[in-house]
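Going down the list, the protein sequences come from chains G and Y.
Our numbering numbers the first residue of the first sequence as 1 and each following residue consecutively.
Our numbering numbers the first residue of the second sequence as 1001 and each following residue consecutively.
Note sheet for the following structure.
2 protein chains.
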Amino acid sequence: MPHSYRYPRAALTVDCVIFGYDTEDLKVLLIQRDSPPFEGRWALPGGFVDVGEPLEEAARRELKEETGVEKVYLEQLYTFGDDVKRDPRERVVSVAYYALAKLSDHRVQAATDARNAAWFQVADAPSLAFDHDQVLEMALTRLKGKVRYQPIGFELLPPKFTLTQLQRLYETLLEASLDKRNFRKKLLAMGLLEELDEIEQDVAHRAARLYRFDKRAYRDLQKRGLHFEL
Amino acid sequence: MPHSYRYPRAALTVDCVIFGYDTEDLKVLLIQRDSPPFEGRWALPGGFVDVGEPLEEAARRELKEETGVEKVYLEQLYTFGDDVKRDPRERVVSVAYYALAKLSDHRVQAATDARNAAWFQVADAPSLAFDHDQVLEMALTRLKGKVRYQPIGFELLPPKFTLTQLQRLYETLLEASLDKRNFRKKLLAMGLLEELDEIEQDVAHRAARLYRFDKRAYRDLQKRGLHFEL
DNA sequence: TGACAGAGTGTCCTTCTAACACTATCTGTA
DNA sequence: TACAGATAGTGTTAGAAGGACACTCTGTCA
């Protein structure tokens, strides 16, 4: 049953840039397109928004359908719609979201939707379909900016982590190396970390103490105007 | 000539939050709606995006049509589309832009498009049509956040200004009072201000020296990773 | 038991931040 | 013409935060 409008309308899509961290590298979740345009090329998960569907819900739905990943904290990134030919078929405006996910929590269900989904190292991701290279780059810039003044880094680690893991994560995101003592001093001084009575297991050296992110302290801090600043 | 699609589509609009500063208060540019829905109510300037039109261009066009204001630096704010009933007529997704304009440069052309347009003090703007109260609030939050680490404040002043004017502007935006000596020290140390050989005219007290924003120095700084931070 | 791998820990110097008050200059009026 | 009013302009100091820096501790494995 076709739907008619007095004037032609752009199609509306959502795309998701999902970052994950793997004790080593920053990763991004991609799918392989199974139909034209860009058949076979890798792309960000995403798709068309239903007319009765909230934008963020559409993003979540597509993400789950295409990769099996769910329950991530999505944040709106930007709406891409200045290039009217960004989709070769017709005018498409796309609202991009981004998120941080713990890789450990999100083993990808390959080919849920008859599609291939996989984590790629951000550093050597393939060239993507549509303008998704641009979208990814913007998400990365935003992530790097945001991590400086909001402790979002915690989202990328397992619930219990060592200070060294946390430091490595920040070093990866900020592309800088940080002083161990200063890093610890600063983070502990913020009071956002809860020291646990547990230590790492199964490592071939002295085991490090485990910490947990103290969400309550974080919320309290936020109300009084947080200054995070690494 | 009607246009048909296999699935129903949301309509796409743009809205503009234009801030201006008036040596006293922060203002926002509003229009009065001349037709339903919300006939007679004040709203943000904006309207439907043409299918072949880039988003930002649509925002600029609507802004000019409805208020006469042009040549402002628009930045994308957010895309509102989670409430599917935000427009009572049908599903409408709106991409919001915001901008800073010098009030002196932009005397509003009243009723350009058979509509009333006017600057309102942000503090006592009327309740707006659609979800525009929310949009305005978000723009304000963004502006306040941004002003801390990017010297956007300069956009809101005439090309030549005194340090006191600049300080008042920041005090208005940050809703805080700043120490005169510290403020001057810090701003001058950044090297973004060019001291002119001119002073204020027609004031009933000692005339203050005029300054200009040094865009070249700003661009140079930005490349080396700007730290503005008031 | 010794070599290896990373954990954990303090001090000092420098820089930035915040608090603070008086004199200078111009105008307008008595 | 002088004085009252209004705002311009200007430095110092004390405390806090940031950044540089190196060695000992603890566990594992060969």
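A virtual CB, placed ideally from N, CA and C, is assigned to each residue, including glycine.
It should be emphasised that the depicted structure is a prediction, and the values quoted were computed from it without experimental measurement.
Close Cβ partners of residue i (< 6 angstroms) along its chain, the five nearest in sequence each way excluded
i: Ala217 (chain G); result: Gly191 and Leu192
i: Ala1058 (chain Y); result: Val1014 and Val1049
i: Lys1081 (chain Y); result: Lys is not the amino acid found at residue 1081 (chain Y); the sequence shown has Gly there. Closer than 6 angstroms at Cβ, skipping near neighbours: Val1093.
i: Pro1126 (chain Y); result: Trp1042
Residue i beta carbon near the ligand MG (any heavy atom closer than 7 angstroms)
i: His132 (chain G); result: As far as ligands go, the structure on display features none, and thus does not contain the ligand MG.
Span separating the alpha-carbon of residue i from that of residue j
i: Val69 (chain G); j: Asp22 (chain G); result: 16 angstroms
i: Arg6 (chain G); j: Ala1118 (chain Y); result: 31 angstroms
i: Ile31 (chain G); j: Gly145 (chain G); result: 26 angstroms
i: Lys102 (chain G); j: Arg61 (chain G); result: 19 angstroms
i: Arg1089 (chain Y); j: Met138 (chain G); result: 34 angstroms
i: Pro1045 (chain Y); j: Pro8 (chain G); result: 22 angstroms
i: Gln76 (chain G); j: Glu171 (chain G); result: 25 angstroms
i: His1003 (chain Y); j: Val17 (chain G); result: 33 angstroms
i: Leu63 (chain G); j: Phe1228 (chain Y); result: 38 angstroms
i: Leu1221 (chain Y); j: Lys1215 (chain Y); result: 10 angstroms
i: Leu1173 (chain Y); j: Asp202 (chain G); result: 53 angstroms
i: Asp34 (chain G); j: Arg148 (chain G); result: 38 angstroms
i: Lys223 (chain G); j: Pro37 (chain G); result: 47 angstroms
i: Arg1142 (chain Y); j: Leu210 (chain G); result: 36 angstroms
i: Ala232 (chain G); j: Tyr97 (chain G); result: Any question about residue 232 (chain G) goes unanswered here, given that chain G covers just 1 to 230.
i: Gln134 (chain G); j: Gly47 (chain G); result: 17 angstroms
i: Arg219 (chain G); j: Lys71 (chain G); result: 20 angstroms
i: Arg1091 (chain Y); j: Leu1012 (chain Y); result: 9 angstroms
i: His1132 (chain Y); j: Leu1140 (chain Y); result: 12 angstroms
i: Phe213 (chain G); j: Leu1178 (chain Y); result: 35 angstroms
i: Glu1194 (chain Y); j: Leu1029 (chain Y); result: 30 angstroms
Cβ distance (whole Å) where residue i is taken to contact residue j below 8 angstroms
i: Val51 (chain G); j: Ala1010 (chain Y); result: 6 angstroms
i: Leu1055 (chain Y); j: Val1095 (chain Y); result: 5 angstroms
i: Leu1100 (chain Y); j: Glu1155 (chain Y); result: 4 angstroms
i: Arg1115 (chain Y); j: Glu1066 (chain Y); result: 6 angstroms
Cβ neighbours of residue i in the same chain (closer than 8 angstroms, five flanking residues each side left out)
i: Arg1206 (chain Y); result: none
i: Lys1027 (chain Y); result: Phe1019, Gly1020, Tyr1021, Leu1103, Trp1119, Phe1120, Gln1121 and Val1122
i: Asp25 (chain G); result: Gln121, Val122, Ala123 and Thr172
i: Ala208 (chain G); result: Thr162, Leu163, Thr164, Ile199 and Glu200
i: Ala176 (chain G); result: none
Other residues of its chain near residue i: CB distance less than 7 angstroms, five sequence neighbours each side excluded
i: Asp87 (chain G); result: Phe130
Exercise for the section: Could you please tell me which residues of the segment 1066 to 1082 of chain Y, in chain order, have their CB closer than 7 angstroms to any CB of chain G? Expected result: Gln1076, Tyr1078, Thr1079, Gly1081 and Asp1082
Practice task
Report yes or no: do the segment 1198 to 1209 of chain Y and the segment 1150 to 1163 of chain Y share at least 3 C-beta pairs separated by less than 8 angstroms?
Solution key: yes
Exercise for the section: Examine the Cβ distances between the segment 1178 to 1188 of chain Y and the segment 1163 to 1170 of chain Y and report whether three or more of them are shorter than 8 angstroms. Expected result: yes
Practice task
Closer than 9 angstroms, Cβ to Cβ, to anything on chain Y: give me those residues from the segment 12 to 23 of chain G, in chain order.
Solution key: Leu12
Handout entry: Near-chain Y residues of the segment 50 to 62 of chain G - C-beta to any C-beta below 8 angstroms
Key = Asp50, Val51, Gly52, Glu53, Pro54, Leu55, Glu56 and Glu57
Exercise for the section: Could you please tell me which residues of the segment 134 to 165 of chain G, in chain order, have their CB closer than 9 angstroms to any CB of chain Y? Expected result: So the close ones are Tyr149.
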